[in-house]
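Here the structure is laid out as C-alpha cells; the discussion comes afterwards.
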Amino acid sequence: GSHVYSIDPAGGVMEDDYTITGSGLTVAYGTLEDRYETDMSLEEAQRVAGAGITAAAERDTGSGNGIYVAQVTEEGVDINNYDLDELDV
114 GSHVYSIDPA
124 GGVMEDDYTI
134 TGSGLTVAYG
144 TLEDRYETDM
154 SLEEAQRVAG
164 AGITAAAERD
174 TGSGNGIYVA
184 QVTEEGVDIN
194 NYDLDELDV
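Every number in my numbering is 113 more than the matching position in the sequence shown, counting from 1.
Here it is, written out as C-alpha cells:
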C-alpha cells in the first residue's frame with residue numbers, strides 16, 4: 114500500500130500519516146496536530162490541510178504561494194496545485 118514519509122535535510126526519514134514542508138510548517142503542523150483524525154474522509158482531510166496552510170500563510174510571509182496538496186490513496190497519488198483563495202477551509 115501507499116505510505117507517506119518525510120525526509121529532513123540531514124537525511125533522517127520518518128513515516129507518518131501526513132507531512133508538511135516549507136517555511137510555515139511549524140504553524141501548519143500545529144493546526145494539523147490539533148484537527149487531524151485517522152478516520153477522516155478525504156474531503157475532511159483536505160479541509161484540515163487547507164486550514165493548516167491558511168494559518169501558516171497568515172503568520173509567515175513565505176507561505177501561501179505555490180501550494181501543492183498530495184492525496185495518497187490505495188489508487189495512487191494525486192497532486193494538485195492551489196491558490197490560497199481556492200482552499201476550502
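Note that CB positions come from ideal geometry on N, CA and C, so glycine has one too.
None of the values given here were measured: they were computed from a predicted structure.
To the nearest angstrom, how far is the alpha carbon of residue i from that of residue j?
{"i": "L145", "j": "D121", "result": "19 angstroms"}
{"i": "T172", "j": "Y142", "result": "The sequence as given places Arg at residue 172; Thr does not occur at that position. Computed Cα separation, rounded: 13 angstroms."}
{"i": "Y118", "j": "E156", "result": "21 angstroms"}
Counting only beta-carbon atoms, is residue i nearer than 7 angstroms to chain C?
{"i": "T167", "result": "As a matter of chain content, chain C is missing from the structure shown, which is built from one protein chain."}
Quick check on this structure: which residue in the options has the alpha carbon closest to the alpha carbon of residue i?
{"i": "G179", "options": "D152, G137, D130, T151", "result": "G137"}
{"i": "D196", "options": "A170, M153, V140, V126", "result": "A170"}
{"i": "T151", "options": "N193, D129, D198, G175", "result": "D129"}
For a quick check, are the C-beta atoms of residue i and residue j less than 7 angstroms apart?
{"i": "L200", "j": "G163", "result": "yes"}
{"i": "V140", "j": "R148", "result": "no"}
Quick one: using the 10 Å Cβ neighbour count with 16 as the cut-off for buried, is residue i buried or exposed?
{"i": "I166", "result": "buried"}
{"i": "A183", "result": "exposed"}
{"i": "A123", "result": "exposed"}
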